[in-house]
Every structure is written in C-alpha cells, then in structure tokens.
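Protein chains: 2
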Amino acid sequence: MKDKLSTESYKGVRDFYPEDQQFLNYLLATYRSVAKKFGYVEYHASILEPSELYKAKGADNEELVSEQTYTFVDRGGREVTLRPEMTPTVARMVAAKRREFGFPLRLFSIPNVFRYERPQRGRLREHWQLNVDIFGSESFAADAEIIQVAYEVMKAFGAEENDFVIKIGSRAFVDALALELELSEENTKKLVGLLDRKNKISKEEFESALSELGVPPEKLSSNNIPADVQAVLDVLSGAGIGNAVFDPSIVRGFAYYTGVVFEVFDTREENSRSLFGGGRYDNLTELFDNEGITGVGFGMGDVTMHDFLDVRGLLPTYQAPTHVYMAVASEQEVPHALLIAQELREQGVNVASDFGDKKLADQIKQASKNKVPYLLVIGQNELTSGNFVVRDLVSGAETPLDRAALASFFLSR
Amino acid sequence: MKDKLSTESYKGVRDFYPEDQQFLNYLLATYRSVAKKFGYVEYHASILEPSELYKAKGADNEELVSEQTYTFVDRGGREVTLRPEMTPTVARMVAAKRREFGFPLRLFSIPNVFRYERPQRGRLREHWQLNVDIFGSESFAADAEIIQVAYEVMKAFGAEENDFVIKIGSRAFVDALALELELSEENTKKLVGLLDRKNKISKEEFESALSELGVPPEKLSSNNIPADVQAVLDVLSGAGIGNAVFDPSIVRGFAYYTGVVFEVFDTREENSRSLFGGGRYDNLTELFDNEGITGVGFGMGDVTMHDFLDVRGLLPTYQAPTHVYMAVASEQEVPHALLIAQELREQGVNVASDFGDKKLADQIKQASKNKVPYLLVIGQNELTSGNFVVRDLVSGAETPLDRAALASFFLSR
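Each protein sequence line maps, in turn, to chains D and P. Going by my numbering, the first residue of the first sequence is number 32, and it counts up by one from there. Going by my numbering, the first residue of the second sequence is number 32, and it counts up by one from there.
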C-alpha cells in the first residue's frame, strides 16, 4: 500500500474553507464597492508574467526577482514569474491600450500576489491585495483622491478615525533636500533607506546615521511641511478627513515612487505598524514606450486587514449562504421534496435537500454541523396535510407554516 | 537607452481589461447564484499545490504532471505545481476536515487552473472554472442534482433546452460490460479510451476497433440504458429537464471516475463539441486516509462558456460601473465638485470627478472614451445658480436638474 498524502496545503499559502472564503468575499465586495463609488473600474490579469517585467525597474530588482519571487523557466525557455505585486502589470496594460483609454484613468483590481519568503504573522507567500490606481493626472487632487479612497475603505470596514493614522511624505521633498545638501547619489539612496527604517530603529541610531550623512535633523522636522504634501492635506481636510499628517520619514521602499507617498498605520500602541501604503510613480509606463504616464495608487493586503479587523472585533460573523436544509423522512419522499425545493429556489431561497438515505436524526445533525440556520422536514404527514414545521437549528424554536408561506419566511430572516 | 519591454501578456494567458473583467464578474456571479440556490457553499485554495497531489492518482498521471502542468522546484527543494484542476484540491480539503463537516456536503469554487499546452481556440494556459461537488451520498439523486445544477447554470446564462444536450454515461456500466466479456485490464482501458474518442473518429474506425477488442456493437446500444443512468434520468425528468439522454460513449478522460458520468454538448451542427462534464468519483479522499468519501461533481470553464454565449448573442453588453463623470470648469471649482461628488456617493451613486487641469472639451472626450454614460459640468454658473445640466454622453440629450434631484436621476437609470 502506498503512503498516504498529507492534507496540508503548500507551505505559506492558505486553504479557504467556507468561513474563510466568506470573509474573503466580504473583503472583495467592500473593496469593490468603495472603488466603484469613486469611479474606478475593475481589471485583472494572469498571475503569470514575463520575468523581465520585474527586472527592468532598477538594478536592485535583479536580487528581488531572483531571491524573493517565484520565478522559473517554462518548457519553451521563457522565464516566468508569479507576480509579486500588481503595479508593473497595470503599467503594462495601460501602456498597451493608451489610445483607447480616456485620462484621468481610474483602475482597480484585487489580485493574489506571491512572495517567496519565510511565512510569518501577517506575511504569507500568497495574499490578496486591493490595487487602486489613477493614471494621467499631475494634480495633487489625484494624490488626495487615492488617499481618500484608502480612507473610505477603512471606514467601510467599520474602522473609526482614531483606529488609524494616514502619514504622508514626499519623495520629491527628499530629492530636493538631497540636492540642497549636495548629497551624492549613493548617500541619497542611504537617506531614503534610513527614513524607511526610522520606525524600526532607535531614535539615537537614527540621528547618528543622519548626522553621518550630513543631514541636520531640523531639515526633517514635521513642522516644515513641503508644498506637495500641504496641497494634499488641504484637499483631505476639505473632504472631512481628520487623521492625515505629514511625516518626513515616509518614503516607501519601492524605487519607482517619485512624489507624494503615504502609509496607513494602526494606532494601537502594541501594534503601531504600517498597514499599507502607496504613492505617485511617474515613469513606470516608460518601460514600454517613450510616453511616460504619471500614476498614483496604493495596494492593501487581505492578511493585514484581517488582523486589523480581528483585534477590533470588526470581523463579520459567518452566515451560511444556505437558508434551509430539507430533511426527508425516506427515499420515497425525495421526488416531492425536490419539487418543494424547486418552488422555493424559484422564489430566491437557497435550499439544500437531503436524499433520504440516512436516518432523520442524522440528517438534522449533519445540517447543524454545516451551520444551516433552518430545517424543514418532509414526510408523508407534511405532504398529505400541507402543514409544515420550520425548525430553527440554533434555538430549537419551531414555526408551523403552510407551503405557500415558506419562501417569505426564509427570505425575511 | 535600454530596449523597451513588450506590453503583451505571457503566452496563452489573458489580460482582463474592464470589459473582459465585467464579463468574468458576470460569469462568477451567475455561477455563484445558481450554486447557492442548491445549497452549495463556496471554498477556495491557493493555485500552488504540492506536486504529489497530481502524481498520486495513477501511473498515467506521472506523464500528465511532468508534461502538461506548470511544475517547478522551489528554493526549499519542494516540487510545486500550479493546479491543473480543482478536484484533487477539494478532496484534500474535505479529507482534512471530514470530522467538522456534515454530509452530504455541497461545495463549490471558481478557481483559475493552469495547463501547459499549446494555446488554441477554446483552450488557453489559464482559465477560470466553476467546480461543483457533492460529497458523502451514494444516492442517484445526488448524481442527478449535480447534473441539474449544470443545467440551471446553462439556463441562467440564457440558454434554451435546444441549445445543448446532456449526455449521460456510466463507468460502472463499462466495468460491468468488461467483466461480462472477460476483457483484460489492458483491453478495458483501451475500451474506455476508444469510447472517449468516439466523436473524434469515424464510425468505421470506431466499429473496427470495437470488434478488435471483442465487444459486440449492440452491447453499446443507447437503447440498453443501465440502471444507474435510468435512475438519474428519472430524477431529471421529474425536475422537468427534457434534454438529457443516455450515451454509452460518455466515459470522461480522468482515471478517477467510477460511476455516472456526463458531458454537456453544444447542439449547433457546426460546433457539436463537448462544453464541459463531470461525474462520480468514489476513491479520491483515500489518497489521504483510509476513509473513502464518495463524491460527484463537474467543472465548467469560462473560455468555452464565453464562446458558447458569443455565437448565440447571449453575451451581456458592457455597462461602465461609473454612473457619472463630473467635468470641472477650472481647478478653482474642484473643492466644490468634490463636495457634490461626496453627496452623490453617500446616496449610492458612482462618481468620477475630473481635476480641472484640462480643457472642458477634452475632459468630456476622455469621459466618453471610458464609456461613462452621463456627464455633469461643474462651473461657477452651476454653483451660483444651483441649476445643473446632466448630459447623456451617447445621445447628447440634456436634462436640467437641481442639486437635490441629481442622485435619484442617476440611480433610476
């Protein structure tokens, strides 16, 4: 006899059992609803992309592609990567159809993305990510809108303003500072890296590294708000958003950001980490042709969001999509049960029907295990009299109903 | 200057631009709605699976895994496969939680699946597939229900009974025939393969191969309906389904089928091919432990379904999800426009707003390109008077409205 296989999924990815899937669907529906309200239109793509797409972004990406992505050579000799993020894909797609689209162009997608890294809390090898991008406008109102969409998604999940803070920085501001201080290209990169790490190191460590680079700390005071950040803050404040602030240390890791950048932080003291972020990138479509299109966007992952909602008790409770389980006294009643089921389905009720090949008590137990809220027993008595009894499988309460009243009972719950 | 990258997707997979994505969403929503009506509950899993999952099913799968799937070794030395189908995954997931589930257990999923093959019409390297399965019932009513779900999905897409035919066969019948004729195991396999190819070869070729195996053609007459197929046909007929027939040549390719099997065919003469199919498989969960759970299910792909609907004019027309584009006379009006947008969004209207950094005529042109149905111009006049004009971007018709009447106008379209 052969050894049995493990029932575990591949390492670092998840199985979505009905309750997990219902949460994922809730997340997707919330993402979609907010993005559409702001005029964003959904697109999608395959997880398979030519590896060049990720190598092209800059020298330091070579390492990212070879060490942190799922990359392999297909049988036709093509190097393929499972997308680690969506931005290069959307830039490719926009570049391909630039003549057909109108600008400003608002797009969103909810792809799954892959990273080859050691799985840990909040970081898995595969996660789903809302991506919202606007292309073709240099207006600061576009930067502000992207941040507003992020804010509205948080609110739609039930978060309050004091649950999160939106920290806004500027890559243009850092570049201007580097120019003013005559920093070398290498030191500018170091400064960006240092700012990106600010929250992960001590104040002393940060300031000593800063002085090593020759950057006076007052240049990074949060009182000197750069003009681009101020313009964005003004729009946000006009929209009634009260939890956005300037933070000079916000620079974002990716090399492609060029302007206003932002990160949303959890405000819980024990978990004051970055939940997600985004910003403006001006040159991504230039990978494909000479007409650069400016873009601004953000990406928001499902794992981080689940954890954020979980600790705040904001996760929705599971509700079985099936309204009623129809238990059948014996196989003889099955054809009659199927006709009643059909009647109910035509009126919009979701009905699972048993096949009568098990004892009634066992049928009821199985329905409870699957968390179906109501039970309807179909036996000779019920069929002859036309009087049915609906049992609430949680409370045990029973409601007598005639056949014509069944559908409205289930639909009103 | 570096060479520019191609904007094409990886070979054999698709980009989903807004219109493609809207069709995919329509497909998913229709799949979901029908599956839920019959009490099926949604699950999902990662596309990454340990390769053993596909190798274990039988000797001939070794070739399938190495030649027809995307399989690679990860950096931890694990062999990984991009799932080519969902059935092994759902069997794995059910085996893992068999104690927590109630049976009969109804599950569905709409995964994307991958095949490494030469792309051609109707067969791509990645497609989406509705998978519907019922576990834990040996009743023929379970087989019939699966077929009924498939039928109802076709109807939900607008297909009529004369657009497709459901051909039902039986692996148990073929096995019984082989036993009766004392066929060797090898010849039984050959018979299954021959039946599976029946529609692709000539009548003469089929009959000569049949006689070579020593199978009298009358044994395969569609008048001798096996008992299992008859039981299923009876239930289907009771449910009012008039396009299901017995066809002894229906056996399905996969080795794991054991009982009733079926395929749905397009009835158009010029394209009388199999659209999709399924059947009963009894031993799949035994890969994981000694308790086999019987299952019956089907898989239905998006590419085939798109082609089927396309030739019949059943594809839905694209409707931009954005109700209205707000053009802005100048940047000065942007803050006012944003407030109106916010008002409309709170009432459920999907609004895209311009940033006023382009001429009005250009803003209108861009909105039309993106197929937004209505336009609302925000200028000083409108803001002062409170009188707005909504323009239909297709017909050019204009409707004067005051601010309070805007939302209901858009929502009633």
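Note that CB positions come from ideal geometry on N, CA and C, so glycine has one too.
Please confirm whether Arg-228 of chain D and Thr-289 of chain D have their CB atoms less than 9 angstroms apart. Thr-289 of chain D is positioned such that its CB atom lies no closer than 9 angstroms to that of Arg-228 of chain D.
If you measure from the beta carbon of Gln-397 of chain P to each beta carbon in chain D, is any gap under 9 angstroms? yes
Within the same chain, show all residues whose beta-carbon is closer than 8 angstroms to that of Ser-253 of chain D, passing over the 5 residues directly before and after it, in chain order. Val-276, Phe-277, Asp-278 and Pro-279
Output yes or no for whether 9 angstroms exceeds the beta carbon distance between Thr-118 of chain D and Asp-164 of chain D. yes
Have a look at P:Arg-434, P:Lys-400 and P:Met-357 and flag the residue whose alpha-carbon is nearest the alpha-carbon of Thr-415 of chain P. P:Arg-434
Proximity below 9 angstroms, CB of Gly-45 of chain D to CB of Glu-116 of chain D: Per the sequence presented here, residue 45 of chain D reads as Arg, with Gly not at that position. No, they are not a contact pair.
Contact between the region 197–217 of chain P and the region 248–267 of chain P (3+ Cβ pairs under 8 angstroms): As far as the Cβ criterion goes, the region 197–217 of chain P touches the region 248–267 of chain P, which means the pair count is three or higher.
When you compare only the Cα positions, how much space is there between Tyr-405 of chain P and Tyr-349 of chain P? Near 15 angstroms, if we compare the C-alpha coordinates of Tyr-349 of chain P and Tyr-405 of chain P.
Within 8 angstroms, do at least three Cβ pairs link the region 321–337 of chain P to the region 117–134 of chain P? yes
Chain D partners of Val-111 of chain P, CB-CB under 7 angstroms? Tyr-41
DSSP beta-bridge partners of Arg-156 of chain D: DSSP lists no partner for Arg-156 of chain D.
In its own chain, which residues sit with a C-beta less than 7 angstroms from the C-beta of Ala-438 of chain D, not counting the 5 before and 5 after it? Leu-375, Gln-378 and Val-380
Thinking just about the alpha-carbon of each residue, which of D:Leu-58, D:Val-223, D:Glu-50 and D:Gly-70 is nearest to the one in Lys-186 of chain D? D:Leu-58
In chain order, what residues of the same chain lie with their CB nearer than 7 angstroms to the CB of Leu-424 of chain D, ignoring the 5 residues before and after it? Only residues of its own chain outside the window of five on either side were considered, and among them Ala-398, Ser-399, Val-403, Pro-404, Tyr-405 and Leu-406 have a CB closer than 7 angstroms to the CB of Leu-424 of chain D, listed in chain order.
Does the distance from the CB of Arg-129 of chain P to the CB of Thr-316 of chain P come in under 9 angstroms? Yes; because the gap between Cβ atoms is below 9 angstroms, this pair is in contact.
Per-residue burial, Asp-388 of chain D [other beta carbons within 10 Å of its own, 16 or more giving buried]: buried
Using 8 angstroms for Cβ pairs, my map puts Val-111 of chain P next to Asp-105 of chain P. What's the rounded Cβ distance? 5 angstroms
Output yes if chain D places a C-beta closer than 9 angstroms to the C-beta of Gln-261 of chain P; else output no. no
Residues of chain D with a CB under 7 angstroms from the CB of Pro-81 of chain P: which are they? Simply Tyr-41.
Figure out for me which residue from D:Ile-177, D:Gln-394, D:His-354 and D:Ser-268 has the closest Cα to the Cα of Ser-361 of chain D. D:Gln-394
Once the 5 residues before and after Ala-262 of chain P are set aside, which same chain residues still bring their CB inside 6 angstroms of it? Same-chain partners within the cutoff: Phe-171.
Please report the Cβ distance between Val-295 of chain P and Gly-308 of chain P, rounded to the nearest whole angstrom; I am assuming they are in contact, meaning their Cβ atoms lie under 8 angstroms. 6 angstroms
Report the rounded CA-to-CA distance for Thr-61 of chain P versus Phe-103 of chain D, giving the unit in angstroms. If you take the alpha carbons of Thr-61 of chain P and Phe-103 of chain D, they lie about 35 angstroms apart.
By DSSP, does Val-196 of chain D sit in helix, in strand, or in coil? The DSSP-derived three-state label of Val-196 of chain D is strand.
Along the region 289–305 of chain D, what residues have a CB closer than 7 angstroms to any CB found in chain P? none
Name the chain D residues whose beta carbon is nearer than 7 angstroms to that of Pro-49 of chain P? Scanning chain D for C-beta atoms nearer than 7 angstroms to the C-beta of Pro-49 of chain P yields Val-72, Glu-73 and Tyr-74, reported in chain order.
First through last residue of the alpha helix (DSSP H) which encompasses Asp-333 of chain D: 333–342
Which one of P:Tyr-356, P:Ser-242, P:Phe-188 and P:Ile-197 has the shortest CA to CA distance from Leu-214 of chain P? P:Ser-242
Tell me the residue span of the beta strand (DSSP E) that contains Glu-294 of chain P. Residue range 291–297 is occupied by the beta strand (DSSP E) that includes Glu-294 of chain P.
Rounded to a whole number of angstroms, what is the C-alpha to C-alpha distance between Phe-132 of chain D and Leu-84 of chain P? 44 angstroms
Does the beta carbon of Phe-69 of chain D sit closer than 9 angstroms to a beta carbon anywhere in chain P? For Phe-69 of chain D, the answer is yes, since a Cβ of chain P falls inside 9 angstroms of its Cβ.
Need the endpoints of the beta strand (DSSP E) that Val-359 of chain D sits in, please. 355–359
Which of helix, strand or coil does DSSP assign to Asn-321 of chain D? coil
Strand pairing of Ile-165 of chain P, partner residues [DSSP]: P:Arg-137 and P:Val-327
Do Ile-409 of chain P and Val-355 of chain P have their CB atoms nearer than 9 angstroms? no
Out of curiosity, what's the CA-to-CA distance linking Gln-99 of chain D and Gly-107 of chain P? 12 angstroms
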